[in-house]
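Q: I have a structure here, written as structure tokens, and I will follow up with some questions on it.
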Amino acid sequence: MSPSPAPPSPSSRPPFCPAKLGAATRGERGGHAGVAAAVAVLLEAACGHVLLTRRATTLRHFPSVWVPPGGHLEPGEEVPPDTPNPQLVAAGLRELAEETGLHLEPRTFSWKLLGLWESLFPPSLSWGPPRCHHIVTYLGLRSAEPRQRLQ
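FYI, the numbering for the sequence shown is 29 to 179, going by the working numbering.
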């Protein structure tokens, strides 16, 4: 995978989406929360295996679910040298290291933007006003390393 511009694709929200209906996201304490940026990393080993992590059973949201490593972009995200699209890739590498202990050097992988996902909770106004609103960027990272070295 190498960075390459993808043709634009249409995006749309379902008719019941609170954001489409103009609902503002309310934080846990009732104030306007805004939209949080996040990144998810699909790391593919040279053999084609993809890394997933399993969420703890004690978590409030999505317990025990298999997910790619990822999380929020932090203010002032540290950028490794020679990293293209620094903020997103740096955030993805940081989350990968935090959640798995894997530290990828900038020249040991290629990457591409896979897509964006907008997440609101609750997903329908009939369940109440939105409390969480995220835009998640999905990055594909392909490592030249075999699966055994990435474990």
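Don't be surprised by glycine CBs; every beta carbon is placed ideally from N, CA and C.
#1: With C-beta atoms as the reference, is Leu169 less than 8 angstroms away from Leu71?
#2: When burial is assigned at 16 or more other CB atoms within 10 Å of the CB, is Thr136 buried or exposed?
#3: According to the Cβ coordinates, are Ala64 and His100 closer than 8 angstroms?
#4: Going by CA-CA distance only, name the one from Ser152, Leu167, Thr165 and Gln176 that's closest to Pro42.
#5: Starting from Gly143 and walking both ways along the beta strand (DSSP E), at which residues does that stretch end?
#6: Which residue's Cα is closest to the Cα of Val164: Ala118, Trp155 and Ala68?
A: The relevant details are as follows:
#1: Here residue 169 is taken as the residue at index 141 of the sequence shown, counted from 1. Here residue 71 is taken as the residue at index 43 of the sequence shown, counted from 1. Taking 8 angstroms as the Cβ cut-off, Leu169 and Leu71 qualify as a contacting pair.
#2: Taking the first residue of the sequence shown as position 1, residue 136 is located at position 108. Per the 10 Å Cβ criterion, exposed.
#3: Translated into the one-based positions of the sequence shown, residue 64 becomes position 36. Translated into the one-based positions of the sequence shown, residue 100 becomes position 72. Yes; because the gap between Cβ atoms is below 8 angstroms, this pair is in contact.
#4: Within the sequence shown, residue 42 is the residue found at index 14, counting from 1. It is Ser152.
#5: Walking along the sequence shown from the start, residue 143 turns up at place 115. Phe137 to Phe149 is the span of the beta strand (DSSP E), which, as asked, contains Gly143.
#6: One-based indexing of the sequence shown puts residue 164 at position 136. Measuring from the Cα of Val164, the nearest candidate turns out to be Ala68.
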